[in-house]
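Residue numbers (numbering that gives the first Met the number 0): 0 to 714.
Glycine residues also receive a C-beta, built at the ideal position from the N, C-alpha and C atoms.
Since the model is a prediction, treat every value here as computed from it, not as a measurement.
First up is the structure itself, then whatever we jot down about it.
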Amino acid sequence: MRFRLLHKFVAILALVSVLPMALLGWRLIAMGQLGVRTAIMELNLAAADKISSDFNAYIRSADAALRSAMNAMAQMDWENKQIMLTALLETRPEITQISALSKEGAEIVKFLPPSAGAGGELKKFGGEPGFKAARKGARHISVDHRTKMAVLYYPFGKDMVLRSELDLPAFIDSLDLKMIGEAGFPVILDGAGKPMAWPGGVSSAAAEAAAAWEISRNAVKSLSSASAEFLDARGSAMLGAYSPISELGGAVVVGQPEEVAYKYAMFMKWQAILAVALFLLVAVGAGWFLSRSLTRPITALTRAAEFVAAGDFNRKAEVTTSDELRDLADTFNTMVAQLKAYSELQVDRIIREQKNTEAILFSTEDGILMADMDGRVQVANRKARSVLGIPEEAPVEGKELQSLISSEVIKEPVLDVFGSRKEKYFREIQLTQETSERFFKCFSTPIVAPGHEEPIGRLIGFYDITLDKQLARMKDEFLHSITHDLRNPMGAIKGFVEFMLKEIPGPVNEAQKKMLISIDRASFRLLGMINNILDSAKMEAGKMEISLAPVNLREVALRVNSLMESLGQRKKIRFEVEGPETLTVSADAGLMERMFTNLIGNSIKFTPENGAITTGFSDDGDHVTAWVRDTGDGIPPEYLSKVFEKFEQVKGQKAGGTGLGLTICKFVAASHLGRIWAESEPGKGAKFLFTIPKNLGKDEAGRVVVKAGSVPEAA
Numbered sequence: 000m001r002f003r004l005l006h007k008f009v010a011i012l013a014l015v016s017v018l019p020m021a022l023l024g025w026r027l028i029a030m031g032q033l034g035v036r037t038a039i040m041e042l043n044l045a046a047a048d049k050i051s052s053d054f055n056a057y058i059r060s061a062d063a064a065l066r067s068a069m070n071a072m073a074q075m076d077w078e079n080k081q082i083m084l085t086a087l088l089e090t091r092p093e094i095t096q097i098s099a100l101s102k103e104g105a106e107i108v109k110f111l112p113p114s115a116g117a118g119g120e121l122k123k124f125g126g127e128p129g130f131k132a133a134r135k136g137a138r139h140i141s142v143d144h145r146t147k148m149a150v151l152y153y154p155f156g157k158d159m160v161l162r163s164e165l166d167l168p169a170f171i172d173s174l175d176l177k178m179i180g181e182a183g184f185p186v187i188l189d190g191a192g193k194p195m196a197w198p199g200g201v202s203s204a205a206a207e208a209a210a211a212w213e214i215s216r217n218a219v220k221s222l223s224s225a226s227a228e229f230l231d232a233r234g235s236a237m238l239g240a241y242s243p244i245s246e247l248g249g250a251v252v253v254g255q256p257e258e259v260a261y262k263y264a265m266f267m268k269w270q271a272i273l274a275v276a277l278f279l280l281v282a283v284g285a286g287w288f289l290s291r292s293l294t295r296p297i298t299a300l301t302r303a304a305e306f307v308a309a310g311d312f313n314r315k316a317e318v319t320t321s322d323e324l325r326d327l328a329d330t331f332n333t334m335v336a337q338l339k340a341y342s343e344l345q346v347d348r349i350i351r352e353q354k355n356t357e358a359i360l361f362s363t364e365d366g367i368l369m370a371d372m373d374g375r376v377q378v379a380n381r382k383a384r385s386v387l388g389i390p391e392e393a394p395v396e397g398k399e400l401q402s403l404i405s406s407e408v409i410k411e412p413v414l415d416v417f418g419s420r421k422e423k424y425f426r427e428i429q430l431t432q433e434t435s436e437r438f439f440k441c442f443s444t445p446i447v448a449p450g451h452e453e454p455i456g457r458l459i460g461f462y463d464i465t466l467d468k469q470l471a472r473m474k475d476e477f478l479h480s481i482t483h484d485l486r487n488p489m490g491a492i493k494g495f496v497e498f499m500l501k502e503i504p505g506p507v508n509e510a511q512k513k514m515l516i517s518i519d520r521a522s523f524r525l526l527g528m529i530n531n532i533l534d535s536a537k538m539e540a541g542k543m544e545i546s547l548a549p550v551n552l553r554e555v556a557l558r559v560n561s562l563m564e565s566l567g568q569r570k571k572i573r574f575e576v577e578g579p580e581t582l583t584v585s586a587d588a589g590l591m592e593r594m595f596t597n598l599i600g601n602s603i604k605f606t607p608e609n610g611a612i613t614t615g616f617s618d619d620g621d622h623v624t625a626w627v628r629d630t631g632d633g634i635p636p637e638y639l640s641k642v643f644e645k646f647e648q649v650k651g652q653k654a655g656g657t658g659l660g661l662t663i664c665k666f667v668a669a670s671h672l673g674r675i676w677a678e679s680e681p682g683k684g685a686k687f688l689f690t691i692p693k694n695l696g697k698d699e700a701g702r703v704v705v706k707a708g709s710v711p712e713a714a
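Right, dumping it as C-alpha cells:
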C-alpha cells in the first residue's frame, strides 16, 4: 500500500503533537481519579470515625457517672443511696432508669427521673446475658431493640446487680445522621450486626441491605477503622469505610456507590478526552494546511518529471513559493532544457545510425531477425521476411515472433532455436517452392550491449545452404555410382583369389601364396569400403531391411574376431572377449555382425603393436550393453560426438577408410531402438559402447518396437 507524503506528514504531526498530550492527559486523569478515590475514602472513614467517637463518648460519659455513683454509695446507708441515685437521674437526662437487682435477677428497687412519674412495676432479668455477666463480676452493655435503649449491667455490692438504661434514640437524634453525597449513607450496627440507626432519607430495607454488606460483617469483628472497595448484593461497585464502637461492641459503616462517588471524576475524564479530540482536530487541520503548502511544489515537480520521463521536454515545473523548493524547480527546468537540446542531437544521430544499420541488414544475402528476450521482433530484413513468409509491407516491430510465422513447419524450428541456450545449436529449414527446394541453416546468438553482461535480445540468422545440400547430394550420387560399378568386379577378384588360394586351378608356391593373401586382404578391405558406402546410402534413404531373430552376441563377436585376426596379425594385436557365455537378444544377425566388424576394424587401425582389443557385454535387465575397447592413442574430447558423423575422421591420425564405418554403426544402433557413444581419455585408448533393448519385435505395420516377454533362445 502506497502512502502519500501529505498523509505521512499529517500523521507524523498528529502523533508528535497529540500523542504526548494524550499520554499526559491520561496520566493526569489517572492521578486525579486516584486522588478523588483517596479523598472519598478518607471522607467516609472520617464520617464513620466521627459517629463512632461520639457514640463511645456518650456511653463512656454515662458509664463514668454510674461508676462514680456506685463508688460513692458503697459507704452510704440505704437512705443516702436513694438520694444519690435520684440526684444522678436528675442531673444525667440520658439515664432513663436505674434499678437494683437481687442475686436472682428480680428488681428490688427502681429509680426513674422525676419527669417519668410514678415507678413502673418491678421486673425480673435473671435470664438476661447482661445480668449473668454482671454476676460474674463484669460490666455488660447491650441494646434492647424493643425499647431502642442501651442496657448496662454492673456488679453492685456483695449479692446485687445494678441495671441502668440509656436513652439511645435521643442520642442518635442528636447525632443528626445525614446522607453522604447523592447516594451514600452511614449505618450504626449493634454487636450482633443489626442496624440500630441510619439517616432519615434511607429506608429500613436499605439499612437491612447495608447490614448484609461484606464490609459490615468485617466491621463488627474488627478492632480498628478501615476503608475498602466492595460489591453490594446486586454486584454494584461500592466505596466504604467503618469504625468500631468499642463501648457497645457494634460499628459504624459508611457506604457509597462508585458511579456516584466518581461522578465528577468521570466528568473530568470526558472533558479531558473532549479537549484531546479538539486538539487533535486542530493539529490535523493545521498539519493538513502546512503539509499542502509543502507538498504542492513537490507534486508539481513530480508531474513535470513524469512528462519528461515520457519524452515531453516542453513541460516545466511551476512553483511560486519563495524558498528552497523554488530553487529546486528552477534547477529542474534548467536541466530539462539541457536534456531537450541533447535529446534533439541524439535523435538525429540515432536516426542516422538506424538508417546505416538498416542499409547493412537489407543488403546482406542472409536472413537476419532481431528480437528482445521476450520474443518481440525489433527488426527483420527482406531475406528473413522471405524465409518466414512475412509480407514486405507488414509491420513487425513490437510483434511477437510466433504470431508472425504462419507455417507450422517453419515456426517449430525457429522457436526452438530462439529458446535454446546451447552454443552452436542450429536447425535446418526446408522451403518447398513450385519449381525448387531451398534449405536454410537457422541459428541464434545473444545480443549483448557494450559494457553489459546480460543479453538484451537474440539475433536469429538464416544461412542459405541449398548449394551445400546440392553438392553433398551430387557427391553421394557420384560415390554411390562409382562404388556400385566397382562392387561386382571387386567381388569377382576376391572370388578368383580365394579360388586360387584353394589351388583348384593348380598348385601355388609360397611366394605366390603370400601375394594372393595380400591381394585377398586388400580386396576384402576395398569391398568393405564399397559396402559401407552403399549401405550408408540405403540407411539414409530408409531402405535398409531389418530381419529380427534371436542372436547370441558372444558368438557374433567370436566369429568376427576370427575373421579379423588376420588383419591384426601384422601388429601382433590380441583379441579378447569378456562377459557372459550366453547373451541373447532379438536383432538382425547380419547388422550385428556388421556393427562388430566396423568397431573392431576401427580399433585395429588405431591400436599399436602388441596392443589389445577387448569385446565385452553386460546384461542390464531390459537391455544389453556391448563395447569394444582398444589400447590406442584415444580420441580428443572435441571429436567424441563427431566421429559418428558421415566422412568424419580425427585430424592428425593416419588411418585409411572412408569415414563411414562408425556412421553405419550409428544407423544400426538407431534401427534397433538403441544408441551408441564413445568414451576416451587421450593416450589411454578408446571405448565404443552401444546398447539395445532385449525384446525387439515388429508391429502390424512392420515397424520395430519393444515388446514384452522373454527373448527366445538362439538357435
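Leaving out five residues before and five after residue i in sequence, what residues of the same chain have Cβ atoms less than 8 Å from its Cβ?
i	result
Val703	Ile545, Leu547, Ser670, His671, Leu672, Leu695, Gly696, Lys697
Lys410	Gln401, Ile404
Phe331	Leu300, Ala303, Ala304, Ala316
Glu41	Ser226
Glu228	Ala236, Met237, Leu238, Gly239, Glu257
Arg558	Glu592
Glu213	Phe229, Leu230
Glu564	Phe574
Between the C-alpha atoms of residue i and residue j, what's the straight-line distance to the nearest angstrom?
i	j	result
Leu121	Leu161	14 Å
Leu300	Ala21	37 Å
Lys80	Ile97	12 Å
Leu280	Gln270	15 Å
Gly418	Pro454	13 Å
Ala46	Ala282	47 Å
Ile675	Ala379	41 Å
His144	Ala105	21 Å
Pro504	Ser640	50 Å
Asn601	Glu509	30 Å
Glu407	Ile572	55 Å
Gln429	Asn551	43 Å
Cys441	Pro394	22 Å
Val667	Gly494	28 Å
Got a sec? Which residues, its chain only, sit under 7 Å from residue i by beta carbon, not counting five neighbours each side?
i	result
Phe312	Val335, Leu338, Lys339, Ser342
Ser215	Leu188, Gly192, Ala209, Val252
Arg348	none
Ser245	Asn55
Would you list the one or two residues that DSSP bridges to residue i?
i	result
His622	Pro692
Leu672	Its beta-bridge partners do not exist; DSSP assigns none.
Met369	Val378, Leu458
Asp143	Met148
Gln96	Glu164
Pro723	Nothing about residue 723 can be reported from this structure: the residues present for the chain run from 0 to 714 only.
Met237	Phe229, Pro256
Lys697	Val703
Which word fits residue i, buried or exposed, when buried means at least 16 other C-beta atoms lie within 10 angstroms of its C-beta?
i	result
Asp373	exposed
Ala240	buried
Phe498	exposed
Phe646	exposed
Arg593	buried
Lys513	exposed
Gln568	exposed
Thr596	buried
Thr320	exposed
Leu470	exposed
Using 7 Å as the cut-off, classify the Cβ of residue i as near or not near the heavy atoms of the ligand ATP, replying yes or no.
i	result
Ile459	Among the ligands in the structure shown, none appear at all, so the ligand ATP cannot be discussed.
Residue i CB to nearest chain C CB: under 8 Å?
i	result
Ser242	Protein chain content of the structure displayed is limited to a single chain, and chain C is not contained in it.
Leaving out five residues on either side along the sequence, give the residues of the same chain with a beta carbon under 6 Å from the beta carbon of residue i.
i	result
Ile518	Val496
Gly366	Lys382, Ala383, Val386, Phe461
Phe687	Leu598, Val627, Ala677
(request) Could I get the ranges of all uninterrupted alpha helix (DSSP H) runs contained in the region 296–333, with 4 residues as the minimum, in chain order? (result) none
(request) Within the region 392–469, note down every full beta strand (DSSP E) run reaching 3 residues or more, in order along the chain. (result) 425–431, 436–446, 456–463
(request) Run through the region 38–72 for me and flag every whole alpha helix (DSSP H) of 4 or more residues, listed as ranges in chain order. (result) none
(request) Output the residue ranges of the alpha helix (DSSP H) runs that lie fully inside the region 567–649 and measure 4 residues or longer, sorted by chain position. (result) 588–605
(request) List in chain order: all unbroken alpha helix (DSSP H) runs of 4+ residues lying wholly within the region 163–198. (result) 167–174
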